[in-house]
Amino acid sequence: MVYPVPVGGGSAGGPGGYTYAAVVVRAGAGEVQTALREVRFSGWLAPPEAGWVVAVAASGAGTVASGRRGVVGVADWLASRLAGPVLALRVLADRQLLLAVWAGGEEVGRYVSDPSYGLDDDTLPEPLGAEHAAAFAAAFGHPDIADDLNELLAEELDPDSVIESERLGGVLRLLGLPSWLVAVSSLPRDIPTGPRAAELTRLRAGATGVGGRVRGRFAEVVRRRRPPPPAFTDPPRGDGDPWLL
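Counting from 1, position 158 in the sequence shown corresponds to residue 307 in the numbering used here; the numbering is continuous, with no gaps.
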């Protein structure tokens, strides 16, 4: 079960497609921006939409905040400071989808569509974390879609015919979140079906304007040498080892 969605332009993250990442949180835009400034986040902050605030990471797979935080680390930071549910999402080359959800300040669970992507070992390619579908659905106020979400997350896609942005589009639709997130790879240009670039607040190491450009250049040099830790560790391998989050 896959829901076709339009995918925007931008730089391809690899031979398979686009790489991008974002955090979605139900909170006030001012609260979110203040928290992102504290952690020196680099990316774009979108205007609120139906109560949801979206922060798009400047680097889909890299470090985008202090403390070697990637998109999952940023989401964890926001969840510890804001009361609403938080979703971290990351797509790698349209071959791997990662989801992580927090509710009430506590992590609900993580999901990865293909933990073997990018690894040259015996890691199994089956989706992991689909069992969290009911908890994900409840966290975002849609418990009735738990079965549909589980089916979508558990499906093994054919990478030759279906991309992970399509799966993400289905997840966003079911959870009632902004569908234009599948097109954020177009930044810094306008986002197809989403906000124009001029409507977004550009943060560089937590700052805007000229000061942000200076801080951002320095932070980018340091962060390139300090990638974030893996979002998941010890996935199941051919011998059946357990997966530890």
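No residue lacks a Cβ here, since even glycine has one placed at the ideal position from N, Cα and C.
N-terminal and C-terminal residue of the beta strand (DSSP E) that residue i is part of
| i | result |
| --- | --- |
| residue 248 | 245-252 |
| residue 256 | 255-261 |
Bridge partner(s) assigned by DSSP for residue i
| i | result |
| --- | --- |
| residue 193 | 205, 351 |
| residue 173 | 203, 236 |
| residue 218 | 214 |
| residue 198 | 201 |
| residue 330 | In DSSP, residue 330 forms no bridge with anything. |
Residue from the options whose Cα sits closest to the Cα of residue i
| i | options | result |
| --- | --- | --- |
| residue 199 | 352, 329, 358, 325 | 325 |
| residue 252 | 341, 264, 239, 283 | 283 |
| residue 295 | 319, 230, 203 | 319 |
| residue 191 | 351, 183, 335, 180 | 351 |
| residue 362 | 275, 223, 189 | 189 |
| residue 202 | 328, 181, 187 | 181 |
| residue 433 | 339, 166, 379 | Here the chain comprises residues numbered 150 to 394, so residue 433 is not present and cannot be evaluated. |
| residue 382 | 263, 293, 286, 360 | 263 |
| residue 327 | 197, 229, 217 | 197 |
| residue 185 | 254, 166, 329, 228 | 228 |
| residue 285 | 364, 169, 360, 255 | 255 |
| residue 364 | 244, 215, 335, 166 | 215 |
| residue 368 | 178, 177, 207, 168 | 207 |
| residue 179 | 344, 230, 244 | 230 |
| residue 241 | 335, 168, 273, 217 | 168 |
Pair within 8 Å by beta-carbon distance, residue i and residue j
| i | j | result |
| --- | --- | --- |
| residue 278 | residue 259 | yes |
| residue 261 | residue 281 | no |
| residue 337 | residue 347 | no |
| residue 219 | residue 377 | yes |
| residue 316 | residue 247 | no |
| residue 323 | residue 349 | no |
| residue 250 | residue 195 | no |
| residue 205 | residue 331 | no |
| residue 303 | residue 276 | yes |
| residue 223 | residue 380 | no |
| residue 166 | residue 312 | yes |
| residue 335 | residue 243 | no |
First and last residue of the uninterrupted alpha helix (DSSP H) at residue i
| i | result |
| --- | --- |
| residue 181 | 178-187 |
| residue 306 | No alpha helix (DSSP H) holds residue 306; DSSP gives it neither H nor E. |
| residue 285 | 282-288 |
| residue 368 | 358-373 |
| residue 316 | 313-324 |
Near the ligand MG: residue i beta-carbon under 7 Å from a heavy atom
| i | result |
| --- | --- |
| residue 292 | Summarising the ligand content, the structure contains no ligands, and the ligand MG is consequently not present. |
Stretch pair the segment 198-215 + the segment 365-383: three plus CB contacts closer than 8 Å: In short, these stretches touch, since the Cβ pair count reaches three.
Segment contact, 8 Å Cβ cut-off, at least three pairs: the segment 308-315 with the segment 170-177: With a cut-off of 8 Å, the segment 170-177 and the segment 308-315 do not count as touching, because too few Cβ pairs lie within range.
Cβ pair count under 8 Å reaching 3, the segment 355-367 against the segment 229-245: The segment 355-367, when compared against the segment 229-245, does not touch it at the 8 Å Cβ threshold.
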